[in-house]
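Taking it in order: structure first as structure tokens, then the write-up.
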Amino acid sequence: MGDNDALHNQYLDDQLAEFADQLLKGDKAVTPSSDDAELRALQETAKMLQQVVSESEAEAPLDPQSVQRIRQRLAAEWRAARFGQQVAGEKTTFFQKLDDLRRFFSRSPRPVRFALSFVILAALIALAIFFFPENNAVHLPGTALGTKNWGMAAAGGVLFLAVIGLIWSLLRKR
Amino acid sequence: MNTLKAPLFDELSDDELVRAAQDGSLDAFNMLFERYLPVVTRRVRCVAPAEEVQDITQEVFIAVIRSLKNFRFEARFSTWLRTLVNRQVADYYRNRARKVQAYSIDGLVDDPGGDGLFGEDNSDRRDEVIAIRQALMKIPENYREIIVLRFVEGLQFDEIAVLHGQSLDAAKSLFRRAMKALTQQIISGEGHG
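Just so you know, the sequences run in chain order Y and D.
The first sequence begins at 1 in this note's numbering and counts up one residue at a time.
The second sequence begins at 175 in this note's numbering and counts up one residue at a time.
Here it is as structure tokens:
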């Protein structure tokens with residue numbers, strides 16, 4: 001009984017391994033077809049796994065710009081590790097800083113993201129109001145809006161864009 | 175060693191490159207990066223959400239830089255690199271689980287993890303990807319390892335056996351047990367969903 005079990009198990013091991021080999025060779029004709037229900041279920045999982053792996057490899061390669069960004073970051077990291085700290089006078093590029101900011105933002109908890117978004121939004125509105133004060137208004141006859149409201153209009157525009165951006169980024173994260 | 179021109183690095187073995195990198199050659203490190211970027215990306219992509227692949231891959235190579243001086247050539251560089259990848263992926267899920275806990279009890283990988291990969295029309299396939307990724311992360315590490323080695327890295331069973339210091343039959347047996355665990359995990363995941 002024990003010997004038979006061992007032989008049967010080895011048979012199943014060999015069958016599944018052979019099935020996986022054929023799948024990975026790209027043999028599209030190979031299908032889960034074992035008489036043994038358990039083995040057939042494992043063959044189906046193998047087939048599903050192979051399809052998922054090959055599709056994800058084909059459809060989402062790292063683009064050259066991402067690779068370049070990684071390369072730059074690694075070069076900075078290399079120098080930092082090599083010399084203990086950032087080399088004097090060496091500046092990180094704008095894109096590295098932007099990337100660091102993006103990573104920090106994306107890895108922060110959602111409440112922190114909300115709070116940061118709110119602060120940035122408030123700062124943008126304050127800037128908009130500051131740069132478009134009412135008393136700088138220029139009279140443009142015939143405009144329906146009335147130039148006295150330019151500051152508020154600009155602030156409203158910024159607010160609208162920021163809210164849309166925020167909603168978009170939150171939806172995208174989900 | 176530092177005077178070697180970059181094209182020459184192409185012909186060096188991993189160990190020679192690691193030695194040159196340990197001696198301070200950025201070109202040697204860059205060659206290791208070039209050589210292993212596809213391998214690392216493939217492995218990460220298999221178990222992590224698509225939008226995190228770049229960050230995790232970057233973290234892996236940063237970890238290489240930081241611990242390269244401790245590499246003692248007791249294992250192959252590729253084996254050592256695999257452990258770094260596994261560690262970074264585990265770190266990612268640990269950090270993520272802390273954040274996700276507040277939003278989803280079951281949420282080790284509740285993220286679609288591939289918004290760019292599959293369109294809305296292909297949500298079944300996306301569910302499949304999520305189910306497999308979740309299941310892979312939940313099975314024991316030795317099971318995950320053999321599945322990734324065969325399916326993602328494309329190693330033959332005899333190569334896996336040599337790598338693990340076991341017989342071919344033992345490798346195949348481990349593979350079947352791993353696939354069984356993966357199948358059960360996928361089924362139980364579907365049950366929860």
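We treat Cβ as the ideally placed atom computed from N, Cα and C, and that holds for glycine.
Nothing here was measured: the structure is a model prediction, and the numbers come from that model.
- request: List the residues of chain Y that D/Thr-357 touches, going by C-beta distances under 7 Å, in chain order.
  value: Ordered by position in chain Y, the residues that pass the 7 Å Cβ test against D/Thr-357 are Ala-41, Leu-42 and Thr-45.
Reduced DSSP category for D/Ser-211 - H, G, I as helix; E, B as strand; rest coil: Checking the sequence, you will find Leu at residue 211 of chain D rather than Ser. Helix.
message: Less than 6 Å between C-beta atoms, sequence neighbours within five positions excluded: which residues of the same chain meet that for D/Ile-360?
response: Close CB contacts of D/Ile-360 within its chain, under the 6 Å cut and outside five residues either way in sequence, are with Ala-305 and Ala-309 (chain order).
- prompt: If you draw a straight line from the C-alpha of D/Val-192 to the C-alpha of Y/Lys-25, how long is it?
  reply: If you take the alpha carbons of D/Val-192 and Y/Lys-25, they lie about 32 Å apart.
Contacts that D/Glu-185 makes with chain Y (C-beta to C-beta distance below 7 Å): Going along chain Y, no residue has its Cβ under 7 Å from D/Glu-185, so there is no contact; the nearest lies around 21 Å.
- request: Give the single residue among Y/Ala-153, Y/Val-67, Y/Leu-166 and Y/Arg-79 whose Cα lies nearest to the Cα of Y/Arg-113.
  value: Residue Y/Leu-166 holds the alpha-carbon nearest to the alpha-carbon of Y/Arg-113 among Y/Ala-153, Y/Val-67, Y/Leu-166 and Y/Arg-79.
Below-9 Å beta-carbon distance, Y/Asp-21 vs any chain C residue: In the structure shown, chain C cannot be found, because the protein chains are Y and D.
- request: Excluding the 5 residues preceding and the 5 following Y/Ala-155 in the sequence, name in chain order all residues of the same chain whose CB lies nearer than 8 Å to its CB.
  value: Correct list, in chain order: Ile-125, Ala-128, Ile-129 and Phe-132.
- prompt: What residues from the segment 330 to 359 of chain D come within 7 Å of chain Y, judged by C-beta to C-beta, listed N to C?
  reply: For the segment 330 to 359 of chain D, the set of residues with a beta-carbon nearer than 7 Å to any beta-carbon of chain Y comprises Phe-331, Asp-343, Lys-346, Ser-347, Phe-349, Arg-350, Met-353, Lys-354, Leu-356 and Thr-357, in chain order.
Beta-carbon contacts of D/Val-322 that lie in its chain and below 7 Å, excluding the five residues immediately before and after: Closer than 7 Å at Cβ, skipping near neighbours: Arg-217 and Cys-220.
field: Y/Ala-88 to Y/Ala-80 span [Cα, whole Å]
entry: Only weak support exists for where Y/Ala-88 lies, its pLDDT of 44 falling under 50; the value from the coordinates is given anyway. Taking the straight line from one Cα to the other gives about 11 Å.
- request: Name the residue from Y/Glu-55, Y/His-8, Y/Ser-66 and Y/Thr-31 whose alpha carbon lies nearest to the alpha carbon of D/Gln-232.
  value: Out of Y/Glu-55, Y/His-8, Y/Ser-66 and Y/Thr-31, the CA that lies nearest to the CA of D/Gln-232 is found in Y/Ser-66.
field: Extent of the continuous alpha helix (DSSP H) run through D/Val-238
entry: Looking at the DSSP string, the run of the alpha helix (DSSP H) that includes D/Val-238 is 227 to 241.
field: Validate contact between the segment 331 to 345 of chain D and the segment 35 to 43 of chain Y using beta carbons, cut 8 Å, 3 pairs
entry: Cβ pair count under 8 Å is below three, so no.
query: Taking only beta-carbon atoms, is D/Thr-253 less than 9 Å away from chain Y?
result: No, because no Cβ of chain Y sits closer than 9 Å to the Cβ of D/Thr-253.
- prompt: In chain Y, what lies closer than 7 Å to D/Glu-302 by C-beta?
  reply: Those within 7 Å of D/Glu-302 in chain Y are Met-48 and Val-52.
- prompt: Hey, is D/Val-263's beta-carbon within less than 9 Å of any beta-carbon in chain Y?
  reply: Look at D/Val-263: its C-beta is not under 9 Å from any C-beta on chain Y.
query: Residues of chain D with a CB under 7 Å from the CB of Y/Trp-78: which are they?
result: Under the 7 Å cutoff, chain D gives Leu-200, Phe-203 and Ile-239.
- request: Flag this pair as yes or no: are the beta carbons of Y/Leu-101 and D/Gln-228 separated by less than 9 Å?
  value: Cβ distance not < 9 Å, so Y/Leu-101 and D/Gln-228 don't count as in contact.
- prompt: Among D/Ile-313, D/Ser-252, D/Val-213 and D/Arg-261, which has the Cα closest to the Cα of D/Leu-354?
  reply: According to the sequence shown, residue 354 of chain D is Lys rather than Leu. The shortest CA-to-CA distance from D/Lys-354 to any of D/Ile-313, D/Ser-252, D/Val-213 and D/Arg-261 is the one to D/Ile-313.
task: Could you give the DSSP three-state label for Y/Glu-2: helix, strand or coil?
output: In the sequence under discussion, the amino acid at residue 2 of chain Y is Gly, which differs from the Glu named in the question. For Y/Gly-2, the secondary structure class from DSSP, reduced to helix, strand or coil, is helix.
Rounded separation between D/Phe-203 and D/Val-259 - CA only: Each residue's Cα considered, the two are about 17 Å apart.
Within chain Y, the residues that D/Gly-328 reaches when beta carbons sit closer than 9 Å: Within 9 Å Cβ-Cβ: Leu-24.
message: On the criterion of 16 or more Cβ atoms from any shown chain inside 10 Å, does D/Glu-319 qualify as buried, or is it exposed?
response: So D/Glu-319 counts as buried.
- request: Would you please verify whether the beta carbon of D/Val-192 is less than 9 Å from any beta carbon of chain Y?
  value: No, D/Val-192 lies away from the interface with chain Y (no Cβ there is under 9 Å from its Cβ).
field: Proximity below 9 Å, CB of D/Phe-247 to CB of D/Asp-184
entry: No, these two residues do not count as a Cβ contact at 9 Å.
- prompt: Under three-state DSSP, which class holds D/Glu-315?
  reply: In this structure, DSSP gives D/Glu-315 a helical state, which the three-state scheme calls helix.
field: Beta-carbon gap between Y/Gln-50 and Y/Ala-17 smaller than 9 Å
entry: No, they are not a contact pair.
- request: On a CA-only basis, which of D/Arg-270, D/Thr-357, D/Leu-206 and D/Ala-249 is nearest Y/Arg-71? Give me that one, please.
  value: Nearest to Y/Arg-71 by alpha-carbon distance, out of D/Arg-270, D/Thr-357, D/Leu-206 and D/Ala-249, is D/Leu-206.
- request: Please decide whether Y/Gln-10 counts as near chain D, where near means a Cβ-Cβ distance under 9 Å.
  value: For Y/Gln-10, at least one C-beta of chain D is nearer than 9 Å to its own C-beta.
- prompt: If you check the beta carbons only, do Y/Asn-4 and D/Arg-350 fall under 9 Å apart?
  reply: In this structure, Y/Asn-4 sits away from D/Arg-350, with a CB-CB distance that is not shorter than 9 Å.
query: Nearest CA to the CA of Y/Arg-69: which residue from D/Phe-325, D/Ile-236 and D/Ala-249?
result: Taking the Cα of Y/Arg-69 as reference, the smallest distance to any Cα among D/Phe-325, D/Ile-236 and D/Ala-249 is reached at D/Ile-236.
- request: Determine, using beta carbons only, whether Y/Val-30 and D/Val-326 come nearer to each other than 9 Å.
  value: Inclusion of Y/Val-30 and D/Val-326 in the CB contact set at 9 Å is not warranted, their separation being larger than that value.
- prompt: What are the boundary residues of the alpha helix (DSSP H) that includes D/Glu-327?
  reply: Segment: none, D/Glu-327 is in no alpha helix (DSSP H) and carries neither H nor E.
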